[in-house]
Amino acid sequence: MSEAIKVLFIDDEPDLCEMVKLALEGKGGYSVTTTTDPTAAESLFTQTQPDIVILDNVMPKLSGGDVAKKLKALMTERKFPVIMISGKGEFVYLKKSKEFKWMPNAPAVKTRGPLPDIKNSEELAKHYGVTRYATKPFTVDFLIEAMGEELAKFVVRKKDETDDTQII
């Protein structure tokens with residue numbers, strides 16, 4: 002039997018933390034550590050050495066982006082995927098201009114604070130050093146699929162970095 006995938010899940014919503022932990026561990030193959038305090042992320046990361054980090058973007062005290070940057074700086078010798086989630090917005094297809102645009106997904110979202118100046122997920126991911134940016138709500142199946150895709154990229158990248166063979 003293979004070792005469980007270690008997940009560090011950081012979100013200021015305690016119910017969501019508990020639900021994700023129960024759902025992933027219930028599926029089997031996952032060991033999930035959660036925290037609602039983004040300032041505890043560094044110590045938990047060091048203690049648990051997770052394979053992947055999933056974190057909310059908008060949290061009190063410290064944003065998810067700031068947490069991601071701190072974790073990346075903390076572990077420069079070990080690369081790891083980070084999935085950032087947020088209920089602040091979503092991509093909406095505008096028929097008139099025939100383009101996708103990042104917009105608040107509900108009027109209540111606007112009360113949580115200002116939206117980031119960066120308006121698309123690829124730019125946000127690059128800015129924060131995360132491998133994927135996803136919106137809430139999400140399903141457990143989506144989360145498992147996203148983690149699998151990001152971990153697969155990491156394994157390929159890790160292999161490429163250590164592979165000294167030449168292709169002719």
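Read in my numbering, the sequence shown has 33 at position 32, and its numbers run on one by one without any break.
Every residue, glycine too, gets a C-beta built ideally from N, C-alpha and C.
Nothing here was measured: the structure is a model prediction, and the numbers come from that model.
(message) Check this for me: beta carbons of I86 and E151, under 8 Å apart or not?
(response) Here residue 86 is taken as the residue at index 85 of the sequence shown, counted from 1. Here residue 151 is taken as the residue at index 150 of the sequence shown, counted from 1. In this structure, E151 does not lie closer than 8 Å to I86 by Cβ.
(request) Compute the distance between the beta-carbons of L63 and P82, then report whether it is under 8 Å. (result) On the sequence shown, position 62 is the one that residue 63 refers to. On the sequence shown, position 81 is the one that residue 82 refers to. Result no, Cβ atoms of L63 and P82 do not sit closer than 8 Å.
(request) For the beta strand (DSSP E) containing S87, list its first residue and its last residue. (result) On the sequence shown, position 86 is the one that residue 87 refers to. First-last of the beta strand (DSSP E) with S87: 83-87.
(request) Count the C-beta pairs between the segment 2-18 and the segment 41-53 that are closer than 8 Å, then say yes if the count reaches three, no if not. (result) Taking a cut-off of 8 Å for Cβ pairs, the segment 2-18 and the segment 41-53 touch, as three or more such pairs fall below it.
(request) Rounded to whole angstroms, what's the CA-CA distance from E19 to K96? Just pull it up for me. (result) In the sequence shown, the residue the question calls residue 19 occupies position 18. In the sequence shown, the residue the question calls residue 96 occupies position 95. In this structure, the CA atom of E19 is about 39 Å from the CA atom of K96.
(message) Excluding the 5 residues flanking A107 on each side, which residues of the same chain have their C-beta closer than 7 Å to its C-beta?
(response) Here residue 107 corresponds to residue number 106 of the sequence shown, with the count starting at 1. In this prediction, A107 has a pLDDT of 49, which is less than 50 and means its spatial position is unreliable; what the coordinates show is noted afterwards. Contacts found: none.
(message) Can you list, in chain order, the residues of its chain with a C-beta nearer than 8 Å to that of G130? Leave out the 5 residues immediately preceding and following it.
(response) What you label residue 130 is simply residue 129 of the sequence shown in a count that begins at 1. Result list for G130: A69, K70, K73, V83, in chain order.
(request) Hey, could you find the ends of the alpha helix (DSSP H) L25 is sitting in? (result) Position 24 of the sequence shown, counted from the first residue, corresponds to residue 25. Segment 15-28, the alpha helix (DSSP H) holding L25.
(message) If I measure Cβ to Cβ from K137 and keep anything under 7 Å in the same chain, skipping five residues before and after, which residues do I get?
(response) Here residue 137 refers to the residue found at position 136 when the sequence shown is read from its first residue. So the list reads I86, S87, G88, once near-sequence residues are dropped.
(message) Going by DSSP, what residue range makes up the beta strand (DSSP E) through S32?
(response) One-based indexing of the sequence shown puts residue 32 at position 31. Where S32 is concerned, the enclosing beta strand (DSSP E) stretches over 31-36.
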